[in-house]
Each structure stands twice: as C-alpha cells, then as structure tokens.
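Numbering (my numbering), first residue to last: 1 to 41.
This is the structure:
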C-alpha cells in the first residue's frame, strides 16, 4: 500500500487511456480499507 499524489494518478490514468487500445476508463480504489479486503467501499 502506498499514498500516491493525485496528480500522478491522473497522469497515469491518462496515459493508460490514451496508449492502451480498448481501455476507456481507469478506476482506483482509494478507500481506507486494507488492500487484502475484497469488497469495494
């Protein structure tokens, strides 16, 4: 688990959407729950 700056996450999302064919959305789970849990918050 790591805290990443929101502007960095935005840049990564834009690159994925623009450079990976067939991808139109990137979703990050930025909830406070531990990464090992499976339910979305």
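From the three backbone atoms N, C-alpha and C, an ideal C-beta is built for every residue, glycine too.
Pick from the options that is closest to residue i, judged by C-alpha positions
i         : options       : result
residue 6 : 30, 23 and 38 : 30
Which of helix, strand or coil DSSP assigns to residue i
i          : result
residue 17 : helix
residue 7  : helix
residue 12 : helix
Under 9 Å between C-beta atoms of residue i and residue j
i          : j          : result
residue 26 : residue 12 : yes
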